[in-house]
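Chemist: I'd like to ask some things about the structure below.
Residue numbers (our numbering), protein chains in the order written: chain G, 1 to 513; chain Y, 1001 to 1404.
So, in structure tokens, the structure goes:
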């Protein structure tokens, strides 16, 4: 037994034409929480895929020593037998199966006849759930519990496999602050139990808070491994992007014009549960050249607000008024909204933003296709389409060899730029951005902030919805807080503090006398 | 920066010479075309009569309906839907035409219009349930399969109704020939095919010039010319053969127009783009302003229309309507689409692919009949081909994306 549980040395992994990892070294001490950070596409996931046997032994060069022995993993099964479990960012749970069934999926508890022993399954599941602090009935279907709890189910599943080295890829990306706190607490508890953790995350503050040491990877190379005591956000960012990002938010001239968009008494009911009010008399305004932030916790109605405004794409029994430049408009369908120069970039680009089967070009032209159709024949001018796509590829700095490349092959940040390109091509006056930087790296975030600045400098009005308070405060001119479907405050940026916003964001409905 | 994510076939091929890249690319993109060529070669070796003038002519006359159905079915499948009712609609529309023309003694065009009208009504009916009410197309058309089959039987009183004769019969059995005479062959056929080949070459050249004007990568000139030459040789050889039989089948002209129009609709119009967008990601399409209900509705209406066209073509070919006509044709059309590279989950598929898929089905059926294989063997072979073709396509696609 040594102090080191894992030593990956001189790992080089080549894909045809590209070297994904070159001479990467990673040393993880037994019982520590080891964080890995780097931009999207830096090679973090590839490294973890090598460790967990997704890229089998022999497809890379270099050596992995795990628990004092050279590890030769040919499949995920191999690595799992050695107690290495990886939890992917996109959870691999079956929504219609119960928590207990998911925990023991592929690892079922049988009785003597070879049938599933449900008593044992549920009892063992309950025990594992107690360990991870998941207070639910083991027979509840996974689909009805929240993302935070689903993450706990994944960890319980890992524990059921006697995990010794747990790899988490962006575990808190989809979680709110409370759930994230709980998860991090759980990781500390597992550490106390002797489980080693490798965690990939973009949330630098969180990494510094929880990790014992942090390895920075950039462009397929290990930059450095920093003990927690010496880690600062600035140092990590410098390592990740190879330069100083003196400011995380690009500076902007504030040149605010007249009101462009006004919402009054916007009330929206749940689409399927009658009588459930999701948004309650929401009113807000946005002016030309202004970035308005909407801050709210998960479930406050942020996305519901954006989608209901955008062509009634969410909700039922919608009432209220919308005005563009003082004129009342009715945005009943998405086409109406596009016609009125409103654009909405969804928080979930894979689900709501992209056609993952299609290429960059087709995705960029999807919303503004009418501009490419010949008024006479109705044919799409494909040459012009290529030109448009090329234009957005270069102006948005989408990293791809060609606009004919499938968007499914792009990294998250580049996918997000494709979605932005799609909406910029509709030439919007009012741009609603829902979590525009979720799951993308620091460098791409900066580029997107720069783009927002460019939009407002051309007199457009931008609404940004974000759950990251520093982000909302970093880019907005004015912030509305949303809580339980109501606007609970309007704060000019000069007066905004995280504490004040958080207080407004958690404000419960006032008791109506 | 995106080291892992940017890996793709283009990156790998960047070093290889242009022509080599083009060939590798073509092989990958046109896997199904290669499969078609192989099938044709196999049958022409096994049964030399396969490429004879009379058999090629028969091939066109006999299987036109599959191709017409496949055009509409492809659109439905790309939309991530399915239509199981088209076989029954063939029976129903054929029955309607027969009732109008044979029983009622009305002129041929009245029968055609009545059949097309019924086809549109069928499309409106199914489109309503799928697009407006939101029932999956599988269920709606499963119901339709029973409803329209039953209606066809009631209309025909469980008996076949024939003969059409005259112009109606000529839709699927008539020829345009002798217009320019010729010594033992039909000059008119050759003229039409020559015009078509020249038109094709000009269109390709224009599109190439457009691409160059927009500074896009184009296929290298030798490969471009080679492709045109191959197309011209194959088309003219086919024309030469059929001109030695009965000349230019009317149905071939009808078929060519339909393939051209639907190829343009799917490849070049906003409507076609919207079908691909819906099949690729329904929610994203809706949030991009695609009128999902509207597109779905008209795709089903169009399928009803094309099923009626196929019904007319088939009843004309049979010179009568039978209550059991079109049984299982929906599966031929669906198979044609999948052999032609359409995805079972929607969003992927081309008109050209569906046409080649349909041709593969036609060639296999025809070839086996020529060889005199027994009734039981034929479906077994067809089923195997369907499975293997899709397996091959899957393997081909995995190979091309087997990187990250």
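Heads up, the beta-carbon is just placed ideally off N, CA and C, and yes, glycines get one too.
Once the 5 residues before and after residue 361/G are set aside, which same chain residues still bring their CB inside 7 angstroms of it?
Modeler: If we look at residue 361/G and ignore the five residues flanking it on each side, its Cβ neighbours are 385, 386, 389, 403, 404.
Chemist: Should the segment 437-445 of chain G be regarded as contacting the segment 300-312 of chain G, the criterion being three or more beta carbon pairs within less than 8 angstroms?
Modeler: Output reads no: the segment 300-312 of chain G does not touch the segment 437-445 of chain G.
Chemist: To the nearest angstrom, report how far apart residue 272/G and residue 485/G are at their CA atoms.
Modeler: Going by the C-alpha atoms only, they are around 17 angstroms apart.
Chemist: Give me, in chain order, the residues of the same chain whose beta-carbon lies closer than 7 angstroms to that of residue 1074/Y; leave out the 5 immediate sequence neighbours on both sides.
Modeler: So the qualifying residues of the chain are 1337, 1342, 1349, 1351, 1354.
Chemist: For the segment 1045-1057 of chain Y against the segment 1236-1251 of chain Y, are there 3 or more C-beta pairs whose distance is under 8 angstroms?
Modeler: Counting Cβ pairs under 8 angstroms, three or more are found: they touch.
Chemist: Going by DSSP, which residues form a beta bridge with residue 1249/Y?
Modeler: According to DSSP, residue 1249/Y bridges with 1175/Y.
Chemist: In this structure, how does DSSP classify residue 331/G when only helix, strand and coil are distinguished?
Modeler: Three-state DSSP puts residue 331/G in coil, outside helix and strand.
Chemist: Bridge partners of residue 269/G, per DSSP?
Modeler: Answer is 277/G, 316/G, bridged to residue 269/G.
Chemist: Taking Cβ-Cβ distances below 9 angstroms as the criterion, which residues of the segment 1199-1228 of chain Y are in contact with chain G?
Modeler: Result list: 1207, 1210, 1211, 1213, 1214, 1215, 1216, 1217.
Chemist: Are residue 320/G and residue 259/G closer than 7 angstroms when you measure CB to CB?
Modeler: Taking 7 angstroms as the Cβ cut-off, residue 320/G and residue 259/G do not qualify as a contacting pair.
Chemist: Just how far apart, CA to CA, sit residue 1118/Y and residue 1093/Y?
Modeler: Cα to Cα, the separation comes out at about 6 angstroms.
Chemist: Just the Cα atoms here: how many angstroms apart are residue 154/G and residue 1389/Y?
Modeler: The straight-line gap from Cα to Cα measures roughly 39 angstroms.
Chemist: As a quick exercise: from 1081/Y, 1185/Y, 1256/Y, pick the residue whose alpha carbon is nearest that of residue 1134/Y.
Modeler: Looking at the Cα atoms, 1081/Y is the closest of the given residues.
Chemist: Can at least three beta-carbon pairs, one atom from the segment 1308-1327 of chain Y and one from the segment 1373-1380 of chain Y, be found at a separation below 8 angstroms?
Modeler: No: the two stretches stay apart, fewer than three of their Cβ pairs being nearer than 8 angstroms.
Chemist: Step through the CB atoms of chain G and report whether any lies within less than 7 angstroms of the CB of residue 1398/Y.
Modeler: It does not; no Cβ of chain G falls within 7 angstroms.
Chemist: When Cβ atoms are compared, which residues of the segment 1341-1361 of chain Y fall closer than 8 angstroms to chain G?
Modeler: Listed by position, the residues of the segment 1341-1361 of chain Y near chain G (Cβ gap below 8 angstroms) are 1343, 1347, 1348.
Chemist: Going along the chain, which unbroken runs of the beta strand (DSSP E) with 3 or more residues stay wholly within the segment 100-186 of chain G?
Modeler: List check, beta strand (DSSP E) in window: 165-169.
Chemist: Which of the three DSSP states, helix, strand or coil, is assigned to residue 1272/Y?
Modeler: DSSP places residue 1272/Y in helix when its eight states are reduced to three.
Chemist: Output the residue ranges of the alpha helix (DSSP H) runs that lie fully inside the segment 197-250 of chain G and measure 4 residues or longer, sorted by chain position.
Modeler: With a minimum length of 4 residues, the continuous alpha helix (DSSP H) runs that stay inside the segment 197-250 of chain G are 204-210, 233-241.
Chemist: I want to verify the contact list: residues of chain Y whose CB lies under 9 angstroms from the CB of residue 338/G, in sequence order.
Modeler: Result: 1288, 1289.
Chemist: Can you list, in chain order, the residues of the segment 1094-1127 of chain Y whose Cβ is nearer than 7 angstroms to any Cβ on chain G?
Modeler: Residues passing the 7 angstroms Cβ filter: none.
Chemist: Our contact map puts residue 342/G next to residue 357/G with C-beta atoms below 8 angstroms; I'd like the distance itself, whole angstroms only.
Modeler: About 27 angstroms separates the two Cβ atoms, so there is no contact after all.
Chemist: Is it the case that the CB of residue 1226/Y approaches a heavy atom of the ligand GDP more closely than 6 angstroms?
Modeler: As far as ligands go, the structure on display features none, and thus does not contain the ligand GDP.
Chemist: Measure the C-alpha to C-alpha separation of residue 293/G and residue 318/G and round it to an integer number of angstroms.
Modeler: If I take the Cα positions, the gap works out to 23 angstroms.
Chemist: Between the alpha carbons of residue 1163/Y and residue 1370/Y, how many angstroms are there, rounded?
Modeler: So the alpha carbons of these two residues sit roughly 27 angstroms apart.
Chemist: Check the Cβ-Cβ distances between residue 1281/Y and every residue of chain G, and say whether any is below 7 angstroms.
Modeler: Yes, residue 1281/Y counts as interfacial toward chain G.
Chemist: Could you tell me which residues DSSP puts in a beta bridge with residue 434/G?
Modeler: The partner list for residue 434/G (beta bridge, DSSP) reads 465/G.
Chemist: With 16 other CB atoms within 10 Å as the buried threshold, where does residue 112/G fall?
Modeler: Result: exposed.
Chemist: Does DSSP put residue 359/G in a helix, in a strand, or in coil?
Modeler: It is a strand residue.
Chemist: Please list the segments of the alpha helix (DSSP H) lying wholly inside the segment 1186-1242 of chain Y, counting only runs of 4 or more residues, in order along the chain.
Modeler: You should have 1187-1213.
Chemist: Quick check: the Cα distance between residue 1158/Y and residue 1329/Y, rounded to an integer number of angstroms?
Modeler: Between residue 1158/Y and residue 1329/Y, the C-alpha separation is close to 20 angstroms.
Chemist: Any idea if residue 178/G is buried or exposed, counting beta-carbon neighbours within 10 angstroms, 16 or more meaning buried?
Modeler: Classification of residue 178/G: exposed, given that the 10 Å Cβ count is below 16.
Chemist: Here's the rule: buried if 16 or more other CB atoms are within 10 angstroms of the residue's CB, otherwise exposed. What is residue 423/G?
Modeler: Classification of residue 423/G: buried, given that the 10 Å Cβ count is 16 or more.
Chemist: Quick one: is residue 500/G near chain Y, going by C-beta distance under 7 angstroms?
Modeler: Chain Y, which has no Cβ nearer than 7 angstroms to the Cβ of residue 500/G, makes this no.
Chemist: Under 9 angstroms Cβ-Cβ, which residues of chain G neighbour residue 1270/Y?
Modeler: Result: 369, 370, 372, 373, 378, 379, 380.
Chemist: Just to check my reading of the structure: residue 1126/Y and residue 1300/Y have Cβ atoms closer than 8 angstroms, yes? What is that Cβ distance to the nearest angstrom?
Modeler: That belief holds up - the Cβ atoms of residue 1126/Y and residue 1300/Y are roughly 5 angstroms apart, short of 8 angstroms.
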